[in-house]
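S.K.:
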Amino acid sequence: MSATTKIAVHSLADLKNTADDALPNYLHSLKFKQIHTQTDVRLAIGYTAVAISGALFYFDWKFGWDVSKPYTTPAVIAYFLLNTAFTYWLWFVEAGVVYEGEGKTGKVRIASSTKKHIPIYECDVTFTPAPYNSNPTQTLHIRTPFTRWFTADGYFIAKPFQQWLASEIPIVGEADPSNVVEEIGRGSTAGGEKAFNVTGDNALDILEQLKTSGAKVTAGSGSGRRRK
Numbered sequence: 007m008s009a010t011t012k013i014a015v016h017s018l019a020d021l022k023n024t025a026d027d028a029l030p031n032y033l034h035s036l037k038f039k040q041i042h043t044q045t046d047v048r049l050a051i052g053y054t055a056v057a058i059s060g061a062l063f064y065f066d067w068k069f070g071w072d073v074s075k076p077y078t079t080p081a082v083i084a085y086f087l088l089n090t091a092f093t094y095w096l097w098f099v100e101a102g103v104v105y106e107g108e109g110k111t112g113k114v115r116i117a118s119s120t121k122k123h124i125p126i127y128e129c130d131v132t133f134t135p136a137p138y139n140s141n142p143t144q145t146l147h148i149r150t151p152f153t154r155w156f157t158a159d160g161y162f163i164a165k166p167f168q169q170w171l172a173s174e175i176p177i178v179g180e181a182d183p184s185n186v187v188e189e190i191g192r193g194s195t196a197g198g199e200k201a202f203n204v205t206g207d208n209a210l211d212i213l214e215q216l217k218t219s220g221a222k223v224t225a226g227s228g229s230g231r232r233r234k
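With this note's numbering applied, the sequence shown has no gaps in its numbers, which climb one by one up to 234 at the end.
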């Protein structure tokens with residue numbers, strides 16, 4: 007399935023935003039239910055600050071400065087504190103979270119990020135497999151180039167994006183085993199480096215990954231000695 011909206015492939019913000027939007031859509035299709043607690047807290051703080059400033063403005067406009075003057079200083083202090091809390095919540099509590107939800111296979115929290123001028127999608131994932139009382143919370147960091155699921159002319163291709171998530175995040179892979187691709191994210195060497203199986207069909211994709219991961223390459227079944 008391809009997205010019908012074309013984006014500018016040189017815009018890192020567009021690449022990230024498109025991937026961020028596709029992530030909850032995919033998890034919802036797997037019957038994950040999104041948890042909005044952190045978003046609700048952020049909105050409550052923001053709306054309260056706006057309500058205070060709006061009320062003070064109306065009070066001043068309706069009754070004049072002499073009447074509203076005693077309330078101005080407390081209102082400004084409250085507004086400043088709420089905005090400080092809003093900034094703290096956004097940067098240190100949510101910290102780039104694009105999805106938090108729960109499904110039959112467990113809970114997952116995903117925060118995405120990119121580095122300036124580097125077209126690589128990075129995610130910090132925190133997940134707890136079900137049942138929760140017998141499985142500890144785990145964290146992992148996954149990353150891959152945007153070229154894995156964007157065409158050269160700027161169209162998003164959902165299938166490789168879904169395969170990447172299912173292969174890298176265990177509880178997503180358990181919910182969608184048909185999209186798990188072992189070569190993407192389930193095997194590692196004894197030294198902790200991933201071993202890629204290179205064939206004629208996936209050579210370009212593997213080379214792109216090698217640029218960013220420095221992983222080892224092992225020849226697949228389709229490779230062999232060059233004929234003389």
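For glycine and all other residues, C-beta sits at the position ideal for the given N, C-alpha and C.
Every value quoted in this text rests on a predicted model; they were computed, and no experiment measured them.
1) Quickly, what does DSSP pair residue 147 with across the bridge? List them, please.
2) Can you tell which of 83, 63, 116 and 84 has its C-alpha closest to the C-alpha of residue 132?
3) Suppose the cutoff is 6 Å on Cβ atoms and the five residues either side in sequence are ignored; what does the same chain contact list for residue 38 look like?
4) Please state whether the Cβ-Cβ distance between residue 146 and residue 32 is less than 8 Å.
5) Taking its Cβ as the centre, do 16 or more other Cβ atoms sit within 10 Å of residue 124, making it buried, or is it exposed?
6) Helix or strand or just coil, what does DSSP make of residue 152?
7) Report the rounded CA-to-CA distance for residue 173 versus residue 186, giving the unit in angstroms.
8) Identify which residue in 45, 89 and 162 has its Cα closest to the Cα of residue 25.
9) Report buried or exposed for residue 155, applying the criterion of at least 16 other Cβ atoms within 10 angstroms of its Cβ.
10) Which runs of the beta strand (DSSP E) at least 3 residues long sit entirely within the segment 49–129? Give them in chain order.
11) Taking the continuous alpha helix (DSSP H) assigned at residue 165, which residues delimit it?
12) Can we say the segment 74–85 touches the segment 43–53, given the rule of at least three CB pairs closer than 8 Å?
13) Is residue 135 helix, strand or coil by DSSP?
14) What separation, rounded to the nearest whole angstrom, lies between the Cα atoms of residue 4 and residue 40?
15) Since residue 31 is in the alpha helix (DSSP H), which residue starts that stretch and which ends it?
16) Assign residue 69 to one of two classes, buried (16 or more other C-beta atoms within 10 Å of its C-beta) or exposed (fewer than that).
17) Given a threshold of 16 other Cβ atoms within 10 Å of its Cβ, counted over all protein chains shown, does residue 198 qualify as buried or as exposed?
18) By a C-beta neighbour count over all protein chains shown, 10 Å radius and 16 as the cutoff for buried, is residue 112 buried or exposed?
M.R.: With the structure as the only source:
1) In the DSSP output, where bridge partners are listed per residue, residue 147 has 130.
2) 116
3) The residues are 107 and 109.
4) No, the pair does not count as a contact, with Cβ atoms beyond the cut-off.
5) exposed
6) helix
7) 5 Å
8) 162
9) buried
10) 103–109 and 112–121
11) Start and end: 164–174.
12) no
13) strand
14) This structure does not reach residue 4, given that the chain is present from 7 up to 234, and the question cannot be answered.
15) Note, residue 31: alpha helix (DSSP H), 18–35.
16) With fewer than 16 other CB atoms across the displayed protein chains lying within 10 angstroms of its CB, residue 69 is exposed.
17) The pLDDT assigned to residue 198 is 37, lower than 50, so where the model puts this residue is not dependable, and the model offers no usable value.
18) Under this definition residue 112 is a buried residue.
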